[in-house]
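Residues 2 to 176 (the working numbering) are what the sequence shown spells out, left to right.
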Amino acid sequence: MPLTLPRVELRKQVDTRAGRGLLIAIGVLTALALGLFMWVARNDGAPLSAALAVTTPPQGLLLPVLGIITACNEWSQRTALIPFTQEPRRLRVVLAKLLSAAALGTIAVALAWVLALGAFLILGAWVDVKAALTPFAEGLDLTGTQWAQADTSGLLWIGIPLVIGIWRALMREVK
């Protein structure tokens, strides 16, 4: 099966109002679920598995709807004649729809995992400077992980802004 059919089907999923709205809803609900999770676990932190588990309900409820829209959209809009005229073997069209829905679902789940990893890093003191530097203030001997957390938070909140500020000062025209 040439890749043209799956690309066309993927484009049709993303270009329609229903498909685009559903993808936006999945993203917003996943972000809201992670935001609520971060707020609830802000003091104690949480394992990565818990952050990943929070992304499951929005994904699990709405991604199957994407498959249903993929299969039924053209039949309700009376545009099914076009793909089946262009490719008379219906199995190829159906497989292209299946492949594009699977690809889009995989992308959505991967993005949710990236968001969950970001939430985990924020909750685990990898990003929070105060939490990362607390062992220094208490005079404790730091473990390798604690050193890595302090270095990461320092890089994110001090190093990167410093480099950007120096670069802007060097590149900006003085008026």
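We put the beta carbon where it would ideally sit given N, CA and C, even for glycine.
Under a three-way DSSP split, which group does Val43 fall into?
-> On the sequence shown, position 42 is the one that residue 43 refers to. For the record, residue 43 in the displayed sequence is Arg; it is not Val. Note: Arg43 maps to coil in three-state DSSP.
Under a three-way DSSP split, which group does Lys176 fall into?
-> For the purposes of this step, residue 176 is taken as the residue at position 175 of the sequence shown. In this structure, Lys176 counts as coil in the three-state DSSP scheme.
Skipping 5 residues on each side, what residues in its chain have a beta carbon closer than 6 Å to that of Trp158?
-> Taking the sequence shown and counting its residues from 1, the one referred to as residue 158 is at position 157. For Trp158, where only same-chain residues beyond five positions count, the Cβ hits under 6 Å are Val130.
Compare the beta carbon distance of Arg21 and Ser101 with 9 Å and say whether it is the shorter of the two.
-> Residue 21 sits at position 20 when you count from the first residue of the sequence shown. Residue 101 sits at position 100 when you count from the first residue of the sequence shown. Cβ distance not < 9 Å, so Arg21 and Ser101 don't count as in contact.
When DSSP labels each residue in this structure, what does Pro89 get in the three-state scheme?
-> Translated into the one-based positions of the sequence shown, residue 89 becomes position 88. Three-state DSSP puts Pro89 in coil, outside helix and strand.
Beta-carbon separation of Ala34 and Val66 under 9 Å?
-> As a first step, residue 34 must be located in the sequence shown, where it is residue number 33. As a first step, residue 66 must be located in the sequence shown, where it is residue number 65. Going by C-beta atoms, Ala34 is not nearer than 9 Å to Val66.
Best match in Leu112, Val41, Thr17 for proximity to Ile27 [C-alpha to C-alpha] | For the purposes of this step, residue 27 is identified with residue 26 of the sequence shown, where counting begins at 1. For the residues Leu112, Val41, Thr17, the minimum Cα distance to Ile27 belongs to Leu112.
Give the straight-line distance between the Cα atoms of Thr144 and Arg12, rounded to the nearest whole angstrom.
-> What you label residue 144 is simply residue 143 of the sequence shown in a count that begins at 1. What you label residue 12 is simply residue 11 of the sequence shown in a count that begins at 1. C-alpha separation (whole angstroms): 49 Å.
Contacts around Gln150, its chain only, beta-carbon distance under 7 Å, and the 5 residues preceding and following it disregarded | Translated into positions along the sequence shown, residue 150 becomes position 149. For Gln150, same chain residues with a beta-carbon under 7 Å away, outside a window of 5 residues either side, are Ala126, Trp127, Ala133 in chain order.
Backbone CA spacing between Leu116 and Leu49 [nearest angstrom] = The residue given as residue 116 occupies position 115 in the sequence shown. The residue given as residue 49 occupies position 48 in the sequence shown. Going by the C-alpha atoms only, they are around 11 Å apart.
According to the neighbour-count rule (16 or more other Cβ atoms, all chains shown, within 10 Å of its Cβ), is Ala121 buried or exposed?
-> Translated into positions along the sequence shown, residue 121 becomes position 120. The sequence given here has Phe at residue 121, not Ala. Buried is the call here.
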